[in-house]
Each structure stands twice: as structure tokens, then as C-alpha cells.
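S.K.:
Structure below.
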């Protein structure tokens, strides 16, 4: 087994996974703040869109 193919595919799989996790975390934080104050959540939604 060659070490280079797995070494190259690992970042390709990890990068989108980390991006998805970070996006889900930001979405969860925005949902929590939406319960606290609606105007800030609307501003965050407009910034994301």
C-alpha cells in the first residue's frame, strides 16, 4: 500500500468535514441567540445569505 494516496486524500476529506462542522456550530449558536434576541438573529441570517 502506498502512503502518498491516503496522505493526499485525507485533507480532501477532512477539510469539507471541518467546514461542515464549523457551519453547523455557527448555525446552532445563531439559533440559541435567536431565542434571546430576534433582531440580531435576523442580521446574522442576512449576513449569511
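Numbering (my numbering), first residue to last: 203 to 251.
In this text, a Cβ means the ideal position worked out from N, Cα and C, and glycines have one as well.
Owing to the predicted nature of the structure, the values given are computational and were not obtained by experimental measurement.
Got a sec? Which residues, its chain only, sit under 6 Å from residue 216 by beta carbon, not counting five neighbours each side?
M.R.: Around residue 216: no qualifying Cβ.
S.K.: If we ignore side chains and look at the alpha-carbon of each, how far apart do residue 220 and residue 235 end up?
M.R.: Approximately 22 Å between the Cα atoms of the pair.
S.K.: Using the C-alpha atoms, what's the distance from residue 211 back to residue 226?
M.R.: Roughly 23 Å between the two C-alpha positions.
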